[in-house]
Amino acid sequence: MLDFTAFDFETANKYANSACSLAAVTMNDDDCVRQGYTLIRPPFMVFDPENVAIHGIHPEQVAHKPKFDALWGNIQKHLEGRILVAHYAVFDTRVLRSLLKYYHLEKPQASYACTVEISRRVWPDLPNHKLDTVAGYLGYSFQHHQALDDARACAHIVLKAAEAVGASSMEELLQATHLKLKPL
């Protein structure tokens, strides 16, 4: 069974603990069984104009939103024990680990895979493996750098990659692409 949670963070600036939005999409085979999106007030309200230009989230939109630690109880139950996937997972897992460390929160028992790595193995001839390039190749249109759309696109990549290699589970997909789950 293709059972996984795709997630995506957007950040206010170059610092990993500056998350200003998070989305997660939980899939069981082809079915989206749960999805969520939230704005997050970063610990420091410093927004880099370059980041704002990318994702369109402004300080006033998050000024009265909860900080990550206030949201963690709800978020954790969606990540605990799950296989997580993200596009360029190094970034998103770094953000998550940084937030957990900053707020002294317990890390969930979870492992992760990267859809950049998966897409490189399944579709090696693409000009690059950016999220919009891979999604476009697969005929999936979305609003890039909107966390929920990015998480949905990431989930779509996993489903299409599994289909392309004949995998019916995340384990089979990773085995077919010679990749391994990494601990969070």
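Mapping to full-length UniProt numbering: the sequence shown position 161 is 161, numbers consecutive.
Glycine included, every Cβ here is placed at the ideal spot set by N, Cα and C.
Compute the beta-carbon to beta-carbon distance between residue i and residue j, rounded to the nearest angstrom, for a pair I have assumed lies under 8 Å.
| i | j | result |
| --- | --- | --- |
| K160 | L138 | 5 Å |
| Y140 | A153 | 6 Å |
| Y37 | A147 | 6 Å |
| P42 | A12 | 5 Å |
| A86 | T115 | 7 Å |
For residue i, count the other beta carbons within 10 Å of its own beta carbon; 16 or more makes it buried, fewer makes it exposed. Which is it?
| i | result |
| --- | --- |
| S119 | buried |
| N128 | exposed |
| A167 | buried |
| A113 | buried |
| D92 | buried |
| D8 | buried |
| V134 | buried |
| V62 | buried |
| V90 | exposed |
Skipping 5 residues on each side, what residues in its chain have a beta carbon closer than 6 Å to that of residue i?
| i | result |
| --- | --- |
| T177 | I118, R121 |
| residue 214 | This structure cannot settle anything about residue 214, because the visible part of the chain is limited to 1 through 184. |
| V46 | N13 |
| A23 | D8, Y37, A147, L148, A151 |
| P183 | S111 |
Apart from the five residues on each side of it in sequence, which residues of its chain come closer than 7 Å, Cβ to Cβ, to residue i?
| i | result |
| --- | --- |
| F68 | A19, I40, L99, Y103 |
| K65 | L39, I40, R41 |
| residue 214 | The structure shown does not extend to residue 214, since the chain spans only 1 to 184, so no value can be given for it. |
| L71 | T38, I40 |
| L174 | A113, K180, L181 |
| Q76 | P108 |
| L79 | T5, P108, A110 |
| D132 | H144 |
Considering Cα atoms alone, identify which of the options is closest to residue i.
| i | options | result |
| --- | --- | --- |
| N28 | V95, D125, V158, L71 | V158 |
| V25 | L179, E172, L173, D149 | D149 |
| N74 | E171, L126, Q35 | Q35 |
| S165 | W123, P183, C32 | Inspection of the sequence shows that residue 165 is occupied by Val rather than by Ser. Out of W123, P183, C32, W123 has the C-alpha closest to the C-alpha of V165. |
Please go through the same chain and pick out, in chain order, the residues whose beta-carbon is closer than 8 Å to the beta-carbon of residue i, but skip the five residues on each side of it.
| i | result |
| --- | --- |
| R94 | A16 |
| H145 | E10, I54, H55, G56 |
| M1 | N28, D29, S168, S169 |
| I83 | D3, F4, T5, A110, S111, Y112, A113, M170, L181 |
Entirely enclosed beta strand (DSSP E) segments - the segment 84 to 139, minimum 3 residues: If we require 3 residues or more, the beta strand (DSSP E) runs fully inside the segment 84 to 139 come out as 111 to 114.
Mind listing, in chain order, the continuous alpha helix (DSSP H) runs of no fewer than 4 residues lying wholly within the segment 53 to 86? Listed in chain order, the alpha helix (DSSP H) elements of length 4 or more contained wholly in the segment 53 to 86 are 59 to 62, 68 to 79.
Can you list, in chain order, the stretches of the beta strand (DSSP E) that have 3 or more residues and sit fully within the segment 136 to 166? Fully enclosed beta strand (DSSP E) runs of 3 or longer: not present.
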